[in-house]
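When we follow the numbering used here, the leftmost residue of the sequence shown carries the number 104, and every step to the right adds one. In what follows, a single structure is set out as C-alpha cells and then discussed.
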Amino acid sequence: MGSGSKILGFIGVLGVMASSLAFVLFSGKEVPMVGLLAPVFAAAPERVELRVLKQDQTLGELLEGMLEPNDDQYDLVLAFMERADPRRLRPGTEVAFRRFTAAPSELRAVDIAVDADLTLRMTPSPAGWRSSVMTTPVVTDTVWVSGEIQTTLWEAVTGSDNREGLDPRNLNQFFMDLNDIFQWQVDFSRDIRSGDFFRFSYERAVRPDGTMRRGHVLSAELVNRGRSYQAVWFDPNGDGNGTYYDEDGNSVRLRFLRSPIEYRRISSGFSNSRFHPILQTWRAHRGTDYAASRGTPVRATGNGVVIERERHSTYGNTIVVRHSNGWTTRYAHMNGFAPGIRVGSAVDQSDLIGYVGMTGLATGPHLHYEMRQYGTFKDPETIQLPPGDPVPIEQWEVWETQSRARLALLDRLPLPWEVRLAVNVLGEGDAPAAGAR
Ligand SMILES: [Zn+2]
C-alpha cells in the first residue's frame, strides 16, 4: 500500500461547443485563451489594487481608506445593496479597485466578485455610486477522463503521483461522482480491485480567468473485476432533475438507499422477538438500528413526502416519509430535524432530514430505521430493493439519440487502455472485460 499507488490518468477536451464573444478584463489577471478568438481589448490605462475580504470584516470596513477622500464608503455599500446582500459576502471575496494610471489617479470603478459567475461593478458618478452587473462569460466544453486503479480508489486519489496535471480537488470530486453513480452496482470500499478501470465524460464551464465550474458527468463506465457497468445522464423532463440510466434505459439507482446513514455499524437487526434493553421485555424489533455518533446526518432513503415529524414517547424525534407504491420509511431517536423539513415537505433520495441522537427509549445514540410496504414491515437489510423508474416511454426517442451520443464520448479514449485492461484481467484468470463486452 502507499508508495506504489498511483492512477494512470488521461484527460482530454472535446470540441469547444459554445462560446461567448465578449471577454472582460477580470480581476486584473491575464485572460487565457479559452475560445478560438484572441482577446479583443487593449491594455487598460488603469492600475488595479486587489483587496480580499477577511473573516468577520464588513464590506464597509474593507472600503475604508481605499476610496477618494470625499467619497463615503456607505454610499457605495448602499448602491451595492440594490443588487446583493453585503452580509452574505464570504471571506476571500475579491474587491478590485481600478484607478486611472494618468495623474490624478482617481478611482474609476470598484469590482466586487460576488461569486464565481457574478461581479458587481460600482462606478462613481456626480450623483453617487452606481452599480452594474458583469456576468462572467463562459465556454462550455466536454472533458473526458479515464484511469486504471492500482490499489484502492481512495489511494488512487490521494496517493497519485501521476495525475497529468489534474487538480487533486477535482480528482476527489470525480471519484465522489463515480461513487454516487455506481454505488448500487459496486461497493467502492470492498469490491474495487487492482486493474479496475473507469472512464467518464463530463461537462464543464471555463471562465476567462481560467477557473472552471464542473457540470454533470454525462456518461461513465466502470469495469470492476472484469464486469462493465455503464451509466448515462438523462433528464427526462428537462427540469434539471435528471438521473443515470444504463445503456438499456434502466435506472442505475434503486428506489431506496440501502441505509439512511453512512459508515454505520448495525447494532440491532430486524427480529420478530428480541429482549428490549430498556423495557426489559421480549418484543419484536421490526427495523434496523444503526449505531452512529450523535449528529451523524440522516438521509431520506427514497423520494417521497414527509407525513410525520414529531416527538414520540418511544421513538423520540421521528420522521415518516411516504413513497410511491405503498412504501413508507421511518427514522427514529433523532437528535433533531434538518432545517426546512416539516409535514408535507417533498424530499428526494439522499436529502438530509435529521441527525442521529438518542431521544425516546434509547440506550445510546443510534438511528432506528423501518421500511413498510402497504403496512407490512420489511427487513431493511435483506429486502430486495425495488429498482428506480426506467426512461419514460414517451421520452424514448430523445433518450436513444442522447444516450448514443453520450456513450460514444467514452469511445474517444485511447485504445491502449483497453488492451492493458484485457491483459490484466485475463492474467488474473477472470473473464474478458471491456473489449469483449
Ligand atoms: Zn430500533
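The beta carbon of each residue, even a glycine, is placed where N, CA and C say it ideally should be.
Closer than 6 Å from C-beta to any heavy atom of ligand 3: which residues, in chain order? In terms of ligand content, the structure shown lacks ligand 3 and carries ligand 1 instead.
Work out the CA separation of T204 and D451 for me, nearest whole Å. About 54 Å.
Between the Cα of Y348 and those of E503, I444, L455, spot the shortest distance and give me the residue it belongs to. Y348 has its Cα closest to that of E503, out of E503, I444, L455.
What is the DSSP secondary structure of T567, counted as helix, strand or coil? Residue 567 is absent from the model: the chain starts at 104 and stops at 540.
Contacting residues, own chain, Cβ-Cβ under 7 Å from Y458 (five flanking each side not counted): Within the same chain, Y458 has close Cβ partners G398, T399, P400, V401, M437, N438, G439.
Determine contact between the region 492–508 and the region 330–337, defined as no fewer than three beta-carbon pairs at a distance below 8 Å. The region 492–508 vs the region 330–337: in contact.
Nearest-angstrom Cα separation, counted from N327 out to R296: 7 Å
Are the beta-carbon atoms belonging to I456 and I410 less than 8 Å from one another? no
Is A145 helix, strand or coil when you go by DSSP? For A145, the predicted model reports a pLDDT of 40, less than 50, meaning its position is unreliable; a value from the coordinates is still stated below. In the structure shown, A145 sits in coil (DSSP, three-state: anything other than H, G, I, E or B).
Specify the secondary structure class of E91 as computed by DSSP and reduced to three states. The question about residue 91 has no answer, for the chain in this structure spans 104 to 540.
Ranges of the beta strand (DSSP E) found wholly within the region 215–253, counting only runs of at least 3: 221–228, 231–238, 242–252
What does the Cβ neighbour count give for Q158, buried or exposed, with the cut at 16 atoms within 10 Å? exposed
Using the Cα positions of M169 and V180, report the straight-line distance between them to the nearest angstrom. Distance between the alpha carbons of M169 and V180: 13 Å.
Could you check whether the region 425–432 touches the region 387–394, counting it as contact only if at least three pairs of C-beta atoms, one from each stretch, sit closer than 8 Å? no
Please state whether the Cβ-Cβ distance between L223 and F285 is less than 8 Å. no
Taking buried to mean at least 16 other C-beta atoms within 10 Å of its own C-beta, is Y177 buried or exposed? exposed
In this structure, does DSSP put F303 in helix, strand or coil? In the structure shown, F303 sits in a strand (DSSP, three-state: E or B).
Return yes when the Cβ of W232 is within less than 8 Å of the Cβ of R302, no when it is not. no
If you reduce the DSSP assignment to three classes, tell me which class I284 lands in. helix
Does I82 pass the burial test, meaning 16 or more other C-beta atoms within 10 Å, or should it be called exposed? Outside the modelled stretch of the chain, which goes from 104 to 540, sits residue 82, for which no answer is possible.
Grab me the residues of E167's own chain with a C-beta within less than 8 Å of its C-beta, minus the 5 sequence neighbours each way, in chain order. Close CB contacts of E167 within its chain, under the 8 Å cut and outside five residues either way in sequence, are with Q176 (chain order).
Quick one: using the 10 Å Cβ neighbour count with 16 as the cut-off for buried, is A449 buried or exposed? exposed
Which term fits A182, buried or exposed, when burial requires 16 or more other beta carbons within 10 angstroms of its beta carbon? A182 comes out buried.
What separation, rounded to the nearest whole angstrom, lies between the Cα atoms of R317 and G345? 16 Å
Proximal residues to D482 (C-beta, below 7 Å), its chain only, five neighbours per side dropped: Cβ-Cβ distances below 7 Å link D482 to F373 in the same chain, with the five nearest sequence neighbours on each side left out; the list follows chain order.
Tell me which residue opens and which closes the beta strand (DSSP E) that V459 is part of. Segment: none, V459 is in no beta strand (DSSP E) and carries neither H nor E.
In the DSSP assignment, find the unbroken alpha helix (DSSP H) run with G318 in it and report its ends. Per DSSP, G318 belongs to no alpha helix (DSSP H); it is in the beta strand (DSSP E), 315–327.
Can you tell me where the beta strand (DSSP E) holding F337 begins and where it ends? 330–337
Mind checking who I422 pairs with in its DSSP beta bridge? Partner(s): R412, Y434.
Would you tell me roughly how many angstroms separate the C-alpha atoms of H415 and Q276, rounded to the nearest one? 39 Å
8 Å contact criterion, which V309 and D244 should meet: CB distance rounded: 7 Å
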